[in-house]
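First residue of the sequence shown: 1, per full-length UniProt numbering; consecutive thereafter.
Yeah, the Cβ is synthetic: ideal placement off N, Cα and C, and Gly gets one too.
Quick caveat: nothing in here was measured; it's all calculated off a predicted structure.
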Amino acid sequence: FRLSEMASLVSNAGGPVARCLRQGRRAELLCSHRVSSIPCTPGPVFERRTFSAPPIAVGLAVGMVAYHPGSLQRRPVVAEIRKPETHRNRTYEHFSLDNGLRVMLASEPTCDKAAAALCVGVGKLQEPKEVPGLAHFCEHMLFLGTESFPDETEYKRFVKQNGGKCNASTSDALTCFQFDIMPSHLAGALDRFSQFFVAPLFTASATDREVNAVDSEHSMRITDDSRRSMATLLVDANPKHPWHWGSGNAKSLRGGAAVRGTDLHTEVVQFYRNHYSAAHMTLTVLGRESLEELRHMVEARFQTVKNTGHSVLYGDELGGKELAVQRRDFVGQVLRVPSKDTRSVEFSWQLPEWQVPLWRSQPCSYASHLIGHEGEGSLLSALKARGWALGLVAGPDGFGCFTHFHIKISLTEEGLSHVEEIGSLVFSCLRLFKTTPVQLWVLDEIQLLGEARFRFSDDTSPYGLVTSMSKRMQHYPSEFVLEAGAGLPEPDAAAYSRILSFFTVEDLRVCITAKAFDEQCTSCDPWYDGKYVKMPLEETWKNSWAAASENSPALIVRFPSPNPFMPTDLELRPLALQPRRAPQQLSPCLRGDVPALMCFHKQDDRFLLPKSILAVRFHCSSVAADTASHLRALMWCSCVLEELNEFAYDAKIAGLAYHVHGVAGGIELNVSGFSDKHIVLLHAVVKKMRTSSSIPEHVYTLVRDRYERGLKNAMLKQRPCDYARNRVRQLLFSLSHSAEDQLVALGTLSRSSFDGENDRLFRSCHVEALMTGNVLAEDVEAAMTVVQEGLGLKSTLQYLPIRAEAALPAGCTLWRLPGTNVEERNGCTLLRVQLPYTREMSAMCALLVRILNPNLFAELRTRQQLGYIVQTTSSVNEGFVSVDVWVQSEYSPDRVRACMQACWDAQIQLIAELDEVDFAQHREGLAANVAETPKNLMEEFSTFWAEITKRAYDFCWKEALVTVIRAITLVSFRSFVDEIQTAPRLWVEVKSVAPGPGKSLLGVPVPPQPDRTWEGPEAMCEFRANARWVELDSYVPVKLPSQL
C-alpha cells in the first residue's frame, strides 16, 4: 500500500486495517514503493513484517504525519503472488485506484479469452430487513442500461456478439459481476461494464418489469431442498442480527418498500448509492495486453466510480455482540419433510467466530479431515457396517458473517430408525478426537496434500479465474489470493482442539429429514412452504449422547492410518522430440482379425503437470439387450465402487480419482490424478471388477436403496425444463431408458441377478481406451496390460451395440405432457428443430444460435418476462443437428408457445436485414469460441475422448470446423435460414400439475395448429416403433478410417 492508501484504510471504519485494530488481530503490511522525494537507499520502504495492532497504529500515524501523500510516487505493486505451475505464462499486478477500488491485473499474451469481474463487498446482509431481496434486485437492475449505454440489451448483446458470456450473483455478503470476451474486444466490454458502477439508469419501467424476473427465479427454486433446509434455520434467526432471508420475490420487494413508506424504485436507487462504493469493490481483469496497458485501461474507466465513504461492517462485526441465531433458538431438534425422497440426519454447532479470516490455520480443517474420513475404521465405515448410512460429509458452512460446523449423514431406511445409536457413535468418535492430542502427522499430511494440490492445480477458464479472484480479494491479502485455503501456512494445534471442544450435546442442533415425517411436521416456512417442526431434543437421546461423550470411546472408530497414496514422484516424463497435437493409436491387440483393444495415447506437452487421465470404454452386447440389462450393469458398477470406497478413499484425498459407471451400450472405467500412484489404483479397481462375481447383501441393499429413490426422484421431482429435455432424449435416441422403465426393471432384479455379471460384461466385449498426460507409450501399454489381463478379456465383438437417432416426422408436431411434481408451479415449452448432420450444417446451426440467443433472451425474458429460464442451444447428435429453444414459465405452455413462435418468426425476419459488419462479428465470435484452447488436461482429454465415444476419431475437428465457419457468407447463411423454416420441428409442452390457478398471459394470439398432436408419455412407444432411425457405424475396424 502507498501511505496515502494506508491513511484511507485506517480512516475508513469498515476498512481492513481498522477491522484488524478493532479485533486485536495481527495484520501484514506489504509495501514495495519507494519514496521519491526523500533521500533513501534503494529498496522497499517497508520489508514484509508482522506487527501487532498497536505498532501498526503508531507506525501509520507517524507515517501520515511525516509524509504528505502528494510527495509519494504512485506505483502499483507487481505482485509476488505465489501461483500454480499452470499460471507460468501469466503475470500479475495489484494496486488501488485513488477512489479506493482495489485492482488485480493478469497479463497473458497468448490468452484466447479476456475476462473481468468486479465484486462488491455488500450483499443481503446490508439490505434493510424490511425489503428482503433488495441486494439481489439491485444486481439485476444494473444490467438494464446506463447513461452512456441506455439500451437495456447493449451490454449483453456486445459481449455475446463478440464470443463472450456474462452473469452476476448475490450472496450474503458479496455481489459479483463477470464477463469474458474475445481479447480484441476487452476495451469495448469494459466501457460498458464499468458504467454499471458509474451511472446506471434504474429506469422506472425496468424496475416494474425486472421484479418479475426475481419473482420467477424465486418460483423456480421453491421446491429446492437445500433452500428449504436453510429456511428451517432462517426462521430461528436472531432479529437483532442482520442475517435474514434475502433471495426476494415480488411480494417481499414491493410489499417491503410499501412498509417503509416508499416505493421499490426509490429503495433500490438508495441502496445502490449507499453501498456501491469504490472502497468496497475488488476488480480483476485478464487480457493479452501488458500490465501497463491493462492498468491504463482500468484507470481510465473505473477511476470515476464513487467512494461514498459509507462504511461496511464485516464478518463478526455485523452482529456486534449478537449471534446470528441465539443459542436457545439454535439448539434442539428439527424434523423436515423434503421435496425429493431423501433421508438424512445433520448434527450442527454454531461456532463463536467467523472462520474465513482464519485461513492461515484453518481451525476446522483438522476436525473435517478426521470426522469426514471414509476409510477403514472411520465413522462412516462403522455406520455402513450396521446398514444405517449411505454417505457422510463434515465441515464448516460459511454464511458471510458466521460459521457453523455440520456432520451430515445420508441414511438408509433402517438408519432412520437408529438416530439415537448413530448419535452415540458420532459423540464417541468426537470424544476420541478430543481426548487424543492433535496428531502432527495428520497436520503434515493435510499441509503436504494441500501444497501439492495448489502447486499442480488445473488452470481454469479466464471467466472462472477472474470471478474467483475478485471474490477472494474481499477476504484475503492480494498476494495470497490464489493460495489462501490450499494448505496450512500456520498450523495451530490449540485452535484445532478448541474447535473440537465446541461439539457438545448442550450446543447441538439436530435436523432429521425424511418423507416419513409428513404428519408430524405441522409448520411451513414462509418462503418455500417447506414442512417442518421444531422441538426440544429428546431426553433419552441427550442422555445417551452425553454418556458417549464422557465415557472412553469404544474401538469401533479409530484414527486414520498414514495415506499410502501420498504422491512422492512428481517429476515429468521426458518429452518427445516432436510433440503430437492429437492422440495416436497404439498397435491394437488383435484376436483373430479383430482388435480386442483399441488404445490411444497423447503425452501432455501443454500443461506440464505430473498428472494423467485414463478412460476405458467396454462395449458390451449384454448391456444393450433391454432396460433391465442396462440397469443391472449400472448397479453392478455402483456396487464395485461401494466395495472399493474404504480402500480408495485415501487415493481420493491424495489427488487421485476413479469411477466405474454405465454408458449407452456398455460400461466405462476412469482413473485420473497424480501419475505417481496411478497404476497402483488402477490395479486395485481392475481387481475388484474382476472378482465381483457376486454382491454382498449389505452392499446390494445400499445400492438398491440409492437407485430406487434416485429413479423416483427423477420421475417426480425434475425441473420442468429438465423433464422436457429428458423426454426428447428418450423419444429420439435408441439406447435411452426412461426412469419409469428403469423403475419397473428394478422390480425384476434381486441380489442373485448380479451373480456372474462381471463375466457377462467381459467375456465378449470391444474395448477402446485413451490415456493422456504425464505418460509415455510404454506407460499406456502397461496400463492396458493391467486392464486386459486383470479382467481376463477373452473375445471381442465384430459389431458394436447399435446407437441410433430417430428422424422427426415432417412438418410440426406438438407433444403435450403433464408435469410430475405437484409442488412445481412452472411448466415448460420446448422447441426442437432437426436437420441432417453435416459439418457445414452444424456450423450454420451454431451461428444461428449465436445470433438468436441474445435477442430471444431479451424479448422473452427481459421484455415479456415469460420466465427466469430462457435458453437457446444447438447440438450435434448421433445422426442429426438440432436447434433447441426452451422457456420455463408459470404461464400456460400453449400461450408461451404462441409467444415463442411469434418471437422466432420476428427474429428470423430480422436476419434478412442483418448487415455484413454485424454478421462478420457474429461469425468471428463463433469461430473464436470454437477455436478456444483447452484450459487444463481434463478439458483437452474430454475433447479427444468425445471423438472416440462417438466413433468419429476426428481429433482435429476444431480446426476443420473453424475453417467451415469462416467460409460462411451472409448469402449462404440466409439460404440456410430459409431451409430451417421448413425443417421438421417438435414442440413439447409440459403443463404444471400444481394445485391452484396459474398465471394468466393476456393479449397473446392463439398458437398455430400443428400437423399432429401427441398426448402423454405413451406416445413414445408408437413413434419409436415406426420411426426412421439413423445409425452410427457399428463395425469394429482393425485400423482407423484415416489409416486405411
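CA-to-CA distance, residue j to residue i, given in whole angstroms
i	j	result
Arg22	Val640	Here Arg22 scores only 32 on pLDDT, less than 50, and its place in the model is too uncertain to base an answer on.
Leu711	Val623	19 Å
Leu425	Pro437	20 Å
Ala782	Pro579	21 Å
Pro1007	His630	40 Å
Ser587	Lys83	40 Å
Gln195	Ser148	7 Å
Ala452	Ala946	29 Å
Leu282	Tyr276	Position check: residue 282 holds Thr in this sequence, whereas Leu was assumed. Cα-Cα distance, rounded: 11 Å.
Ala115	Trp245	32 Å
Tyr67	Pro357	Unreliable placement is indicated for Tyr67, whose pLDDT of 28 sits below 50; no coordinate value is reported for it.
Leu961	Lys950	17 Å
Pro109	Ser290	8 Å
Leu448	Thr504	31 Å
residue 1045	Gln871	Here the chain comprises residues numbered 1 to 1044, so residue 1045 is not present and cannot be evaluated.
Ile446	Ser457	16 Å
Lys471	Val122	11 Å
Val767	Arg617	6 Å
Pro200	Thr146	4 Å
Glu292	Glu80	16 Å
Residue(s) in a DSSP beta bridge with residue i
i	result
Glu668	Arg617 and His661
Leu830	Trp886 and Val988
Ser523	Tyr532
Trp815	Val988 and Trp1014
Gln584	His601
Pro836	Phe880
Ile409	Val345 and Leu392
Met771	His601 and Leu614
Gly320	Its beta-bridge partners do not exist; DSSP assigns none.
Glu805	Phe733 and Val1030
Assigned exposure category for residue i - 16 Cβ within 10 Å defines buried
i	result
Phe158	buried
His296	exposed
Asp915	exposed
Tyr314	buried
His136	buried
Asn853	buried
Leu572	exposed
Cys828	buried
Glu697	exposed
Ala912	exposed
Ile802	exposed
Ala1025	exposed
Leu500	buried
Ser229	buried
Arg328	exposed
Pro610	buried
Val58	Annotation note: pLDDT 30 at Val58 (below 50); position unreliable, no value reported.
Below-8 Å beta-carbon distance, residue i vs any chain D residue
i	result
Arg725	Any reference to chain D falls outside this structure, which holds one protein chain only.
**Asked** Counting pairs of Cβ atoms below 8 Å between the stretch 103-120 and the stretch 210-227, do you hit three or more?
**Response** no
**Message:** Taking contact to mean 3 or more Cβ pairs, one atom from each stretch, closer than 8 Å, check whether the stretch 346-366 and the stretch 437-452 are in contact.
**Reply:** yes
**Asked** Hey, is the stretch 802-820 in contact with the stretch 1002-1019, meaning 3+ C-beta pairs nearer than 8 Å?
**Response** yes
**Prompt:** Just checking, does the stretch 420-434 make contact with the stretch 453-467 on the three C-beta pairs under 8 Å criterion?
**Reply:** no
**Prompt:** Residue ranges of each alpha helix (DSSP H) run of no fewer than 4 residues wholly in the stretch 155-238, ordered along the chain?
**Reply:** 186-194, 204-220 and 225-234
**Message:** I'd like to know if the stretch 480-494 and the stretch 595-604 are in contact, where contact means that at least 3 CB-CB pairs between them fall below 8 Å.
**Reply:** no
**Message:** Between the stretch 890-903 and the stretch 929-949, can you find at least three pairs of beta-carbon atoms closer than 8 Å?
**Reply:** no
**alpha helix (DSSP H) runs wholly inside the stretch 424-502, at least 4 long, in chain order** = 440-455, 462-472 and 493-501
**Prompt:** Which ranges would you report for the alpha helix (DSSP H) in the stretch 901-964 if only whole runs of at least 4 residues count?
**Reply:** 916-931 and 937-949
**Asked** Is it true that the stretch 689-703 meets the stretch 974-992, where meeting means three or more beta-carbon pairs spaced less than 8 Å apart?
**Response** no
**Request:** Take every Cβ of the stretch 714-730, pair it with every Cβ of the stretch 662-676, and state whether three or more of those distances are shorter than 8 Å.
**Result:** no
**Prompt:** Counting Cβ pairs, one atom from each stretch, are 3 or more of them under 8 Å apart for the stretch 379-394 and the stretch 513-523?
**Reply:** no
**Message:** Give the list of continuous beta strand (DSSP E) stretches no shorter than 3 residues that lie fully inside the stretch 89-128.
**Reply:** 91-96, 102-107 and 114-120
**Request:** State whether the stretch 399-406 contacts the stretch 337-357, with contact taken as three or more CB pairs (one from each stretch) at a distance under 8 Å.
**Result:** yes
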